[in-house]
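S.K.:
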Amino acid sequence: MRMTSSTKIMLIACGSFSPPTPMHFRMFEIARDHIHQMGLGQVVGGIVSPVHDSYAKKGLVSATHRCAMIKIGLKSSEWIRLSDWETQQEEWTRTRQVLQYHQNFINSYLKDTNGTINNQHIPAWIPEGIKKTAGQVHLKLLCGADLLESFATPGLWKDEDLEAILGYHGIVVISRAGSNPEQFIFNSDLLTRYRRNITIVTNWVTNDVSSTLIRRLLGRGMSVKYLLDEHVTEYIQKFGLFGCNSETKYILTPGSTTEAMSISPISPINDPDIYIEHRNRMNKRNSSFEAMDETDFPSPPLPSPSAGSNVTLNKVFCCANESSTGQLAKPISGRGATFLGRPGSAVQIITTAAPTPAPPSVTTPDGTTKQAHQVSGSSDDSDQKQNKIVKKMKTSAACPVSRV
């Protein structure tokens, strides 16, 4: 299969994408630049095909989540698109069959001059205006050097599958700087036989951020900021994927185990539909709780307390558990209160500080000694009632679910 500058090429990457990283998509850009610069053809489209759930690889989340994250990560791309065909099959599909399906559909679509294929049945991964392209479109497998090396793993690939992939489609290999894929090809009779159909592209900008690394960081509660697309990270946090706790974490104020500051909620994701449907389901639960608004904040400030009493400090909103007795759940790991509960609910908490020191004594004109607060007038019973934790519940679509 000889490539020329007029050859039309589509690239397809198969894999887990659990989660998809920027490098998964960056590979397409690196390959396209190389193909164009070397005059090997014209890249007209790119396809990301996540594997079926039955592949059962460690760390593999459901295809619904993986497809959603891929869509989010590809929002800014004008030519790379998701194909969920593989995930919709009854079981895991071999890479050879995935390539053959997409190549056959491309061929059928290009030959359909009479409009036999209804527009509603045209998958989203088909590039717009591809019919205007003269000639055939060749589909090539885009992969990393590790996949190329896996061809030599006994029992992993069938010989007939490798013959079809290399002989009929061809592969584009993105190799790290310093590696030697040519040596690996030389050591393989099969790869050497189809050397003309293997395009080696060196990635000079090293990026070792893998899905495995991302899962490890998330599982340990560590930050992945700047390693993933920001909106992909938000999606992971929203659904608590990869061991990421979707509950809100709180920063306890030094000196008080009952004060807490909730983390600001992250911005909502409007696409894909799975997130919206999830939020709608959450909003239908416990809708009878009282709503919170600006009237929940004390105005004017609360009156000064009497001697020896607690001071009501502030109100915060957060997720929380409520026991059957209406009290906050018991503390966890020595914390003053448990603020972790079901997503979609919020709690308004009025926190209390440590007891206020007794006011200084003063001497009145008649020579008697009294405490300062007794001179100005004592507090009434309403002040004493402020010294408790008050909470209100409501259903909230903006309930914080970020993790720090």
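Read in the UniProt record's numbering, the sequence shown has 214 at position 214, and its numbers run on one by one without any break. Cβ coordinates follow ideal geometry from the N, Cα and C atoms, glycine included.
(1) Report the option in G15, S6, L190 and H24 whose CA atom is closest to the CA atom of H36.
(2) Mind checking A260: buried by the 16 CB within 10 Å criterion, or exposed?
(3) Does the distance from the C-beta atom of H169 to that of L141 stay below 8 angstroms?
(4) When DSSP labels each residue in this structure, what does I12 get in the three-state scheme?
(5) Provide the residue(s) that pair with L139 in DSSP beta bridges, ordered along the chain.
(6) In chain order, what residues of the same chain lie with their CB nearer than 7 angstroms to the CB of A164, ignoring the 5 residues before and after it?
(7) Report the rounded CA-to-CA distance for G219 versus G59, giving the unit in angstroms.
(8) Alpha carbons only, please: which of I70, K132 and F25 is nearest the one belonging to V44?
(9) Quick check: the Cα distance between F184 and N114, rounded to an integer number of angstroms?
(10) Among residues of its own chain, excluding the 5 on either side of S16, which ones have a beta-carbon nearer than 8 angstroms to its beta-carbon?
(11) What residue ranges within the region 25-83 form continuous beta strand (DSSP E) runs of no fewer than 3 residues, ordered along the chain?
(12) Just verifying my parser: in three-state terms, what is the DSSP assignment at P20?
(13) DSSP on K158, reduced to helix/strand/coil?
(14) Got a sec? Which residues, its chain only, sit under 8 angstroms from W204 by beta carbon, not counting five neighbours each side?
(15) Taking 8 angstroms as the threshold (C-beta atoms), are I12 and L139 in contact?
(16) For the alpha helix (DSSP H) containing R195, name the first residue and the last one.
(17) Exposed or buried, what is V375 when buried is set at 16 or more other beta-carbons lying within 10 Å of its beta-carbon?
(18) Rank Q237, R26 and R94 by C-alpha distance to the C-alpha of T206 and give the top, closest one.
(19) Pick from G46, E234 and I236: whose alpha carbon is nearest that of V137?
(20) Out of F105, E86 and K75, which one is the CA nearest neighbour of T64?
(21) How long is the line joining the alpha carbons of I214 and D112, rounded to whole angstroms?
(22) Inspect the beta-carbon positions of T153 and V173 and report whether they are closer than 8 angstroms.
(23) Please report how far the alpha carbon of I171 lies from the alpha carbon of L110, in whole angstroms.
(24) Alpha carbon to alpha carbon, what distance is there between V232 and S18?
(25) Closest to P20 by CA distance: which of M38, L228, S175 and G240 is it?
(26) By Cβ distance, which residues of its chain are closer than 7 angstroms to Y194, with the 5 residues on each side in sequence left out?
(27) Below 8 angstroms on the Cβ atoms is my guess for residue 406 versus R81; work out the distance and round it to an integer in Å.
(28) Where do the N-terminal and C-terminal ends of the beta strand (DSSP E) with V172 fall, by residue?
M.R.: Here's the rundown:
(1) S6
(2) A caution first: A260 carries a pLDDT of 34, below 50, which makes its placement in the model too unreliable to give a value.
(3) yes
(4) strand
(5) M10
(6) R96
(7) 10 angstroms
(8) K132
(9) 47 angstroms
(10) P50, V51, Y55, K57, G59, L60, R66 and S211
(11) 42-50 and 80-82
(12) coil
(13) coil
(14) A177
(15) yes
(16) Where R195 is concerned, there is no enclosing alpha helix (DSSP H), given that its DSSP letter is neither H nor E.
(17) Because the pLDDT at V375 is just 43, under 50, the model does not fix this residue reliably, and the value given afterwards should be weighed accordingly. Under this definition V375 is an exposed residue.
(18) R26
(19) G46
(20) E86
(21) 43 angstroms
(22) no
(23) 22 angstroms
(24) 11 angstroms
(25) L228
(26) L166 and G167
(27) The first residue shown for the chain is 1 and the last is 404, placing residue 406 beyond what the model contains.
(28) I171 to R176
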